[in-house]
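A.B. asks: Before I ask anything, here is the structure I am working with.
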Amino acid sequence: DIQMTQSPSSLSASVGDRVTITCRASQGINNYLAWYQQKPGKVPKLLIYAASTLQSGVPSRFSGSGSGTDFTLTISSLQPEDVATYSCQKYHSAPRTFGQGTKVEIK
Amino acid sequence: QVQLQESGPGLVKPSGTLSLICAVSGDSISSSNWWSWIRQPPGKGLEWIGEIYHSGSTNYNSSLKSRVTISVDKSKNQFSLKLSSVTAADTAVYYCASSQIGPLDYWGQGTLVTVSS
Chain A
64 DIQMTQSPSS
74 LSASVGDRVT
84 ITCRASQGIN
94 NYLAWYQQKP
104 GKVPKLLIYA
114 ASTLQSGVPS
124 RFSGSGSGTD
134 FTLTISSLQP
144 EDVATYSCQK
154 YHSAPRTFGQ
164 GTKVEIK
Chain B
42 QVQLQESGPG
52 LVKPSGTLSL
62 ICAVSGDSIS
72 SSNWWSWIRQ
82 PPGKGLEWIG
92 EIYHSGSTNY
102 NSSLKSRVTI
112 SVDKSKNQFS
122 LKLSSVTAAD
132 TAVYYCASSQ
142 IGPLDYWGQG
152 TLVTVSS
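Chains as they are written, first to last, in this note's numbering: chain A, 64 to 170; chain B, 42 to 158.
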């Protein structure tokens, strides 16, 4: 099975900072990569799919990039409402494994 | 818009079987979606459990495959999860979700299942 590894596991940044989260697949997955945002106590929400396509309604400060094995999620200017855990998921074939998640906090 | 609602016992005894149902509204279970189960132990990350297509085709997480059964009930527009021989490690919030083009675009609210005697 393909493993998904995120880094870092947590980060603390100031409002307005640029934040980057990395997701690495143990084998190539083309661009079949999704990012989810889960705010504390809430249901996960699809942010980005196909590695770089923003889901409808997602603020433009979020962006995704990558293909093959290495992917990034970037928040261009961190806002207080972005405090959440972000998880990547491969979805081109089963098992549709998640990364372990990255917790983003405000410094 | 698809709406999903999980239901089932919130407490299961060790060695027992966890059984959950996901009721689907706003779409037919027979549409071209995959219907999935995901879980999240307290304070931990998301774990994909498995999925089913309306034809009955299933895919499971290899680490759970020997204990998991996902089935679909077209007459009730719902799908279900059964996880056997549960232990405390199976305590988690269980989510059902759907995917139209691959990623999970609709999620249920989740239901906490605790394994304890």
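We treat Cβ as the ideally placed atom computed from N, Cα and C, and that holds for glycine.
If S77(B) and S139(B) are in contact, beta carbons under 8 Å, what's the gap, nearest whole angstrom?
C.D. replies: To locate residue 77(B), count along the second sequence from 1; it is residue 36. To locate residue 139(B), count along the second sequence from 1; it is residue 98. The Cβ separation is near 7 Å, so the contact holds.
A.B. asks: In angstroms, rounded to a whole number, what distance separates the CA positions of V180(A) and L136(A)?
C.D. replies: The structure shown does not extend to residue 180(A), since chain A spans only 64 to 170, so no value can be given for it.
A.B. asks: Would T99(B) pass as a contact of E88(B) if the rule is Cβ separation under 9 Å?
C.D. replies: Start at 1 with the first residue of the second sequence, and residue 99(B) comes out as number 58. Start at 1 with the first residue of the second sequence, and residue 88(B) comes out as number 47. No, the pair does not count as a contact, with Cβ atoms beyond the cut-off.
A.B. asks: Check distances from the C-beta atoms of the segment 92-111 of chain A to those of chain B and list, in chain order, the residues that come in under 7 Å.
C.D. replies: Those would be Y95, A97, V106, P107 and L109, in chain order.
A.B. asks: Keeping to the same chain, check which residues put their C-beta closer than 7 Å to that of P71(A); ignore five residues upstream and five downstream.
C.D. replies: Reading the first sequence from its first residue, position 8 is the one you call residue 71(A). Closer than 7 Å at the Cβ level, and outside the excluded window around P71(A), lie T165.
A.B. asks: Measuring CB to CB, does Y135(B) end up less than 9 Å from L122(B)?
C.D. replies: In the second sequence, the residue the question calls residue 135(B) occupies position 94. In the second sequence, the residue the question calls residue 122(B) occupies position 81. Against a cut-off of 9 Å, the Cβ pair of L122(B) and Y135(B) comes out as a contact.
A.B. asks: Tell me, please, whether the CB atom of L87(B) is closer than 9 Å to any CB atom in chain A?
C.D. replies: For this step, residue 87(B) is matched to residue 46 along the second sequence. At least one beta carbon of chain A lies nearer than 9 Å to the beta carbon of L87(B).
A.B. asks: Could you check if I70(B) is buried or exposed, using at least 16 other CB atoms within 10 Å of its CB as the buried criterion?
C.D. replies: Position 29 of the second sequence, counted from the start, is the residue given in the question as residue 70(B). I70(B) is buried by the Cβ-count criterion.
A.B. asks: Pick out whichever of S72(B), I90(B) and N74(B) has its Cα sitting closest to the Cα of T160(A).
C.D. replies: The residue labelled residue 160(A) in the question sits at position 97 within the first sequence. Nearest of S72(B), I90(B) and N74(B) to T160(A), Cα basis: I90(B).
A.B. asks: Apart from the five residues just before and just after Q119(B), which ones in its own chain have a Cβ nearer than 8 Å to its Cβ?
C.D. replies: Taking the second sequence and counting its residues from 1, one reaches residue 119(B) at position 78. Closer than 8 Å at the Cβ level, and outside the excluded window around Q119(B), lie I62, C63, A64, V65, I70 and V113.
A.B. asks: Of the residues that make up the segment 148-161 of chain A, which ones have a beta carbon closer than 9 Å to any beta carbon in chain B?
C.D. replies: Cβ contacts with chain B come from T148, S150, Q152, Y154, H155, S156, A157, P158, R159, T160 and F161.
A.B. asks: Tell me, to the nearest whole angstrom, how far the beta carbon of P82(B) is from that of A133(B); I am working on the premise that it is less than 8 Å.
C.D. replies: As a first step, residue 82(B) must be located in the second sequence, where it is residue number 41. As a first step, residue 133(B) must be located in the second sequence, where it is residue number 92. Right, their Cβ atoms sit about 4 Å apart.
A.B. asks: Kindly say whether Q66(A), judged by its beta-carbon, lies nearer than 9 Å to any beta-carbon of chain B.
C.D. replies: For the purposes of this step, residue 66(A) is taken as residue 3 along the first sequence, with counting starting at 1. Taking Cβ atoms only, chain B never reaches closer than 9 Å to Q66(A), which makes this a no.
A.B. asks: First and last residue of the beta strand (DSSP E) that includes D133(A)?
C.D. replies: Numbered from its first residue, the first sequence carries residue 133(A) at position 70. Residues D133 to I138.
A.B. asks: Is any heavy atom in the ligand FAD found nearer than 8 Å to the beta carbon of K115(B)?
C.D. replies: No copy of the ligand FAD occurs in the structure displayed, which carries no ligand at all.
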